[in-house]
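For reference, the structure is listed below as structure tokens.
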Amino acid sequence: MNKYIPHTPDDIRQMLDKIGVSSIDDLFADIPASVRLQKEYDLPEAMSEEEIRAYFKALGDKNRQQVIFAGGGAYDHYTPSVIDALLSRSEFLTAYTPYQPEISQGTLQYIFEYQSHICELTGMDCTNASMYDGATAAVEALFMAVAQAKKKNRVLVSATLNPTLITIIGTYAKYKGIEVDLIPETDGYTDRTAMQAMLAEGDVAGVLVGSPNHYGIIEDYTGFADDIHAAKALMIMHCDPSALAVLKTPAEWGADIACGDGQPLGIPLSFGGPYVGFLACRKELVRKLPGRIVGATKDVDGKRAFVLTLQAREQHIRREKANSNICSNQSLMALHITIYLALMGKQGLREVNEQSYGAAHYLHDELVKTGLFVPAFPNAPFLKEFALRTTLPVKALQAQLAEQGYMAGIALGDYREGMDDCILFCATEKRTKGQIDELVKLVKEAKL
Amino acid sequence: MKYYDKLIFEISREGRVGYSLPKSEWEGLTSSLSEEASGIAKNLLRETPAELPEVSELDVVRHYTNVSNKNFGVETGFYPLGSCTMKYNPKINEEIAHHPAFCGLHPLQSEESVQGALAIYYHTARVLSELTGLADFTLTPFAGAHGELTGLMVMRQYHLLRGDTKRTRVIVPDSAHGTNPASAAVCGLEIVEVKSTANGTVDTNDLKGLLDDTVAGIMMTNPNTLGIYETQVVEIAHLVHEAGGLLYYDGANLNPMLGASRPGDMGFDIMHINLHKTFSTPHGGGGPGSGPVGVAAHLVDCLPNPRVVFVDGKYKVKSGKMKVESNHSGGICQFGNSCGRVAAFMGNFGVVMKAYTYILSLGKDIKHVGPIATLNANYVKESLRDAYYLPVDTVCKHEFVFDGLADKSTGVTTLDIAKRLLDYGYHAPTIYFPLLFHQSIMIEPTETESKETLDDFIDIMHRVAEEALADPDMVKTAPHTTPVRRLDETTAAKNPLIKYRDLC
Amino acid sequence: MSKVIEGIKYADSHEWVKVEGNVGIIGISDYAQHSLGDIVYVDLPSEGDEISKGEEFGAVESVKAASDLYSPVSGTIIEINSELEASPELINQDAYENWIIKVELADPSEVDALLDAAAYEKICE
């Protein structure tokens, strides 16, 4: 019939005979005529592989590849070639959820390794098998806090977090009926005094802060955990897992839950997805953790093996009383970062951060030297992302550089009041001195 | 083959590396991220290093190749998993999705620089509309459950925009998958169960008694969880709409409807699609999937942001108002008519590319998918009903449910049958779902499986049924030939060991 | 056949209560533990929590099932059986010996309305 449907006319005949009907149509006789599809689909004729290739090549040609000097939640880090080769193995790629552990030890084992990596990076005791993305992981973290607090229904989120993340939290909270308040910022930092006052108002179940924050600033959260815990609320930290190789961990800050997006761990930009979220917590909270969790156990012969565990929390058993409606993970992407972390290892992930730090600070200093930029938050420590104010028209500058093949940061004015003259730049270990020098030269020469 | 039992951490040796980075060009600026070198205060830096593995590239490749050998995928063997639509995942989909002209795109690049990607997004929504009879789609939801939640947000937003704030209840069939009520609860809706008739379809008399002006809508799947077409769907749509509610279609069972019947024509207002089921994208061991949400014309404005539109010959991204403000009474964001935002960027774009490739590969011929999937299911059902108990004896669509063995005298359960199938190189069917029967075995052979594959499976199912009578103990202790055998799940749940450090 | 014992009262949601003075000792029935299978976790409330009759106060989980616990009486939780935190399987071993919470009764007459052993046994048939 076609390459995806192997049935010959003879097969169909024999099968219909077995069923005892005369045509396939008879199998659809129960569908009321008024809703039976009566027409041909308005779709093109089937395309051959060569036609498919040509079609997508033509579309690909309409994209313009750029040298990426932007982050904003998606970071252009190096992807080792080994990863795609292993991810394309059909045993990983075409497997279902590991509900039959006897023939799913491959998936279960790499999820166990993934969980081990996430716990190492965050310093947390427990984690699940991954979430959709960093934003939904943060939402689930806040839901966990509300579930843990039982009778409290209010959460605080720092205004220094990515505004898109805040918008997503606002969306979920609106429907779930959770009150969300923004902790104001001062000079790019979460305002601790304001937070203390908001906590004192009472009824707060959880507080979400970011590290680094939306401006790339590595905030100092000294004392936050004490303030938050004194109010019997949970501290939740949204973080860049790549940066956790060098930055103070959520556990070291005293946070109860860590969440974030795994994309910086070598997942290609891919126009925004698929990425993977992570969610980790202290062990007292493990029963509130949504999603799948893999645990180690033994089989009847005493062989070490892995299995989905603590399933009684989940939607297929608890239905509307489940902590979350999630019933999958981003498993293959969890494998992606598991392999990435195995390859990069202790030394490699540190080097990624050092080189990103170097590239970003060189870019920062060179742009400031042009006299066209000043730091938006002077002396704020950053790793790979930073905000500058400019005397140039932001949108026109970005448009011109885009023409020249450079994605020159993110216009902060799109997200925040009073920042129309600000650009959020980023440089990772993939950016070379040559690329940075070229960008700076083009900026200086820009005719706007 | 020797059983491979190592964890990556167990083959780690200090000093080994598996990566290559260029020689740092920043030596003068910072050679190491210490306080002295970088100026980042020590207080902000990690105190104890993360114990990541130290392994060579070959170590990694061999390790994960060996790990993969302990898995079973669609390419390993037949996967008759009910409700999961485990069809073949075409290779061309993968090739296209890995095209370098798309993989390197940053999600926040200018519209002008991503016209090709936006075109794919836009046209995928168009073809999904054609296949389902709904006006427009968002492709941002990451999975079926995420789509469900998004669709319910659309439902609530629609009522809220009309000032109809008391519609906070949603009707869900008692036979529904657990995700339906779970999604409704996350969306702040109260769940009301509608009863099923003996053949698992919605009991319309019971439904009538539940409908009033507090009902936001009903969630259904059609065919239902028994694989049976809800022939009353037109009447149900009429009743729910009369009462001011909306109809939500759970797209988990969309596959048999290709070429047969469209949810929009049935009267549904909102639906999600599992691209990883109906549109052939791989399940990936549990994700990434994709759960696009489609709506009828009167709900298009309620779809989440961002949306891709085509204006003046250009594809544009409508993001809505993104700026946030703290406001105690009205929440922190205003979205206009849109239900809000459910993902940071545009969803699992790579998965969307695979599904679009599949749809283009079949084109108009996609109309054969539903009929052949239905033929396969009925063929297996009729071939096995002598050995397995068929509780609802009627024509099915893509799947059907047995209630255990016809002869249960030896005490062999559905779980035992499922485990024994593993020994024969098959994945198990879905078991103990739906909950309507005690020994449910739910079988879905998709259209990509040939008659020969089905015949072999039928033979083995018969053989297992015979073994259940002749040697029940052997079946009850199956599997015997898999990489590991039955696991101690009780100890795992009592004392969760979820990371390598817990084993040390 | 699951065990039902005399001298205590039962709720149709399968909890039992034994009255000692003005304290109600609450657990789940043998029938309930048997239906759940191997219990792996008991979600316990906090001492000092106020509960009312019919209100959920915790849950009992096995590997593949979970059952909410509903209080058969109103009052204040004065003690929880913290042994169950580490050894939830005690309930499987003896569901009547291993109570879950003790409640100071707000209204001892509520107990009278509960099922006696004979009536509860009928429910479990």
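Heads up: the protein sequence lines correspond to chains A, B and C, in order. According to this note's numbering, the first sequence is numbered sequentially starting from 7. According to this note's numbering, the second sequence is numbered sequentially starting from 687. According to this note's numbering, the third sequence is numbered sequentially starting from -1. Even glycine gets a Cβ: it sits at the ideal position worked out from N, Cα and C.
Which chain C residues sit within Cβ distance under 8 Å of residue i?
i	result
lysine 1180(B)	Val38, Tyr39, Pro86, Glu87
glutamine 317(A)	Val61, Lys62
Which residue comes first and which comes last in the beta strand (DSSP E) that contains residue i?
i	result
arginine 993(B)	993 to 997
glycine 1001(B)	Looking at the sequence itself, residue 1001(B) is tyrosine, so the reference to glycine does not match. 1000 to 1004 is the extent of the beta strand (DSSP E) around tyrosine 1001(B).
leucine 250(A)	Careful: leucine 250(A) lies outside any beta strand (DSSP E) and carries neither H nor E.
tryptophan 14(C)	13 to 18
lysine 265(A)	At residue 265(A) the sequence reads cysteine, which differs from the lysine that was named. Element bounds for cysteine 265(A): 263 to 267.
valine 981(B)	979 to 981
threonine 396(A)	391 to 396
phenylalanine 284(A)	283 to 287
alanine 302(A)	300 to 304
arginine 855(B)	855 to 859
methionine 1128(B)	1126 to 1129
aspartate 1089(B)	1086 to 1089
glutamate 879(B)	876 to 880
Using CA atoms only, rank isn't needed, just tell me which of the options is closest to residue i.
i	options	result
tryptophan 712(B)	His367(A), Ser217(A), Leu403(A)	His367(A)
lysine 9(A)	Ala1178(B), Ala1114(B), Gly1090(B), Tyr1044(B)	Tyr1044(B)
tryptophan 109(C)	Val2(C), Ala63(C), Asn20(C), Ile3(C)	The residue asked about is misnamed: residue 109(C) is valine in this sequence, not tryptophan. For the residues Val2(C), Ala63(C), Asn20(C), Ile3(C), the minimum Cα distance to valine 109(C) belongs to Asn20(C).
proline 321(A)	Lys62(C), His32(C), Ser85(C)	Here the sequence assigns glutamine to residue 321(A), which means proline is not the residue at that position. For glutamine 321(A), the nearest C-alpha among the options comes from Lys62(C).
alanine 251(A)	Pro218(A), Glu372(A), Lys63(A)	Pro218(A)
leucine 838(B)	His1166(B), Asp998(B), Pro867(B)	Pro867(B)
glycine 886(B)	Thr1134(B), Gly1111(B), Pro909(B), Lys692(B)	Pro909(B)
glycine 1202(B)	Leu944(B), Phe965(B), Asp936(B)	In the structure as shown, chain B starts at 687 and stops at 1190, and residue 1202(B) therefore has no counterpart that could be examined.
leucine 735(B)	His123(A), Tyr116(A), Pro86(A), Leu445(A)	Per the sequence shown, residue 735(B) should be read as proline rather than leucine. Out of His123(A), Tyr116(A), Pro86(A), Leu445(A), His123(A) has the C-alpha closest to the C-alpha of proline 735(B).
isoleucine 224(A)	Ala151(A), Pro280(A), Tyr84(A), Phe383(A)	Phe383(A)
proline 270(A)	Gln72(A), Cys432(A), Tyr61(A)	Cys432(A)
histidine 12(C)	Glu102(C), Glu48(C), Ala93(C)	Ala93(C)
Cβ of residue i versus every heavy atom of the ligand MN: is any distance shorter than 7 Å?
i	result
isoleucine 49(C)	The ligand MN is absent from the structure shown, which contains no ligand whatsoever.
Which bits of chain B does residue i rub up against, with CB to CB less than 9 Å?
i	result
glutamate 2(C)	Going by the sequence as given, residue 2(C) is valine instead of glutamate. None at all; the shortest Cβ gap to chain B is about 24 Å.
For the alpha helix (DSSP H) that residue i lies in, which residues bound it at each end?
i	result
leucine 448(A)	439 to 451
leucine 933(B)	Per DSSP, leucine 933(B) belongs to no alpha helix (DSSP H); it is in the beta strand (DSSP E), 932 to 937.
methionine 1147(B)	1137 to 1156
methionine 339(A)	337 to 375
aspartate 1109(B)	1100 to 1109
cysteine 789(B)	786 to 789
phenylalanine 62(A)	55 to 67
Name the chain C residues that come within less than 7 Å of residue i, Cβ to Cβ?
i	result
lysine 1176(B)	The amino acid at residue 1176(B) is misidentified as lysine; the sequence shows threonine. Here the neighbours are Asp36, Val38, Val61.
Identify the contact partners of residue i in chain A, using a Cβ-Cβ distance below 8 Å as the criterion.
i	result
arginine 842(B)	Tyr181
glycine 1097(B)	Those within 8 Å of glycine 1097(B) in chain A number zero; the least Cβ separation is about 19 Å.
glutamine 1125(B)	Chain A residues near glutamine 1125(B): none, gap ~17 Å exceeds 8 Å.
Give the residues of chain B in contact with residue i, contact being defined as C-beta atoms less than 7 Å apart.
i	result
arginine 310(A)	Asp691
At a CB-CB cut-off below 7 Å, which residues of chain A make contact with residue i?
i	result
methionine 772(B)	Tyr102
isoleucine 922(B)	Under the 7 Å cutoff, chain A gives no residues; its nearest Cβ is about 12 Å from isoleucine 922(B).
threonine 1168(B)	Glu108, Ile109
Please list the partners that residue i has in chain C, where partner means a Cβ-to-Cβ separation under 9 Å.
i	result
isoleucine 323(A)	Glu59, Lys62, Ala63, Ala64
arginine 293(A)	Tyr39, Asp41, Glu59
Give me the chain A residues within the contact set of residue i, using Cβ-Cβ distance strictly less than 9 Å, ordered along the chain.
i	result
alanine 831(B)	Gln321, Ser330, Asn331, Ile332, Cys333, Ser334
Original post:
On the three-pair Cβ rule with 8 Å, is the region 285 to 298 of chain A touching the region 127 to 138 of chain A?
Top reply: With the cut-off at 8 Å, the region 285 to 298 of chain A and the region 127 to 138 of chain A touch.
Subject >> Any 3 or more C-beta pairs closer than 8 Å across the region 1138 to 1151 of chain B and the region 1056 to 1075 of chain B >> reply: Yes, the region 1138 to 1151 of chain B touches the region 1056 to 1075 of chain B.
**OP:** May I ask you to verify whether the region 1149 to 1164 of chain B touches the region 1180 to 1188 of chain B, counting CB pairs closer than 8 Å and requiring at least 3?
**Re:** For the pair of segments examined, the region 1149 to 1164 of chain B was found not to touch the region 1180 to 1188 of chain B: the number of CB pairs separated by less than 8 Å stays below three.
Original post:
Should the region 326 to 339 of chain A be regarded as contacting the region 69 to 81 of chain C, the criterion being three or more beta carbon pairs within less than 8 Å?
Top reply: Output reads no: the region 69 to 81 of chain C does not touch the region 326 to 339 of chain A.
**OP:** May I ask you to verify whether the region 824 to 840 of chain B touches the region 1019 to 1035 of chain B, counting CB pairs closer than 8 Å and requiring at least 3?
**Re:** With a cut-off of 8 Å, the region 1019 to 1035 of chain B and the region 824 to 840 of chain B count as touching, because enough Cβ pairs lie within range.
Subject >> the region 339 to 348 of chain A contacting the region 23 to 31 of chain C, beta-carbon criterion three pairs below 8 Å >> reply: Using a Cβ-Cβ distance cut-off of 8 Å, the region 339 to 348 of chain A and the region 23 to 31 of chain C are not in contact, since fewer than three pairs of beta carbons, one from each stretch, lie closer than that value.
Original post:
Within the chosen definition, does the region 52 to 69 of chain A reach the region 397 to 415 of chain A through at least 3 CB pairs nearer than 8 Å?
Top reply: Verdict: no, contact absent.
**OP:** Please confirm if the region 10 to 28 of chain A is in contact with the region 742 to 752 of chain B, defined as three or more CB-CB distances below 8 Å between the two stretches.
**Re:** no
Original post:
Considering only residues of the region 126 to 198 of chain A, which uninterrupted alpha helix (DSSP H) runs meet the minimum length of 4 residues and lie entirely inside it, listed in chain order?
Top reply: 140 to 155, 169 to 182
Subject >> Minimum length 4: unbroken alpha helix (DSSP H) runs contained in the region 217 to 248 of chain A >> reply: Considered as a whole, the region 217 to 248 of chain A harbours 230 to 236 as its complete alpha helix (DSSP H) runs of no fewer than 4 residues, in chain order.
Subject >> Length at least 4, wholly inside the region 2 to 64 of chain C: the alpha helix (DSSP H) runs in chain order >> reply: 28 to 34
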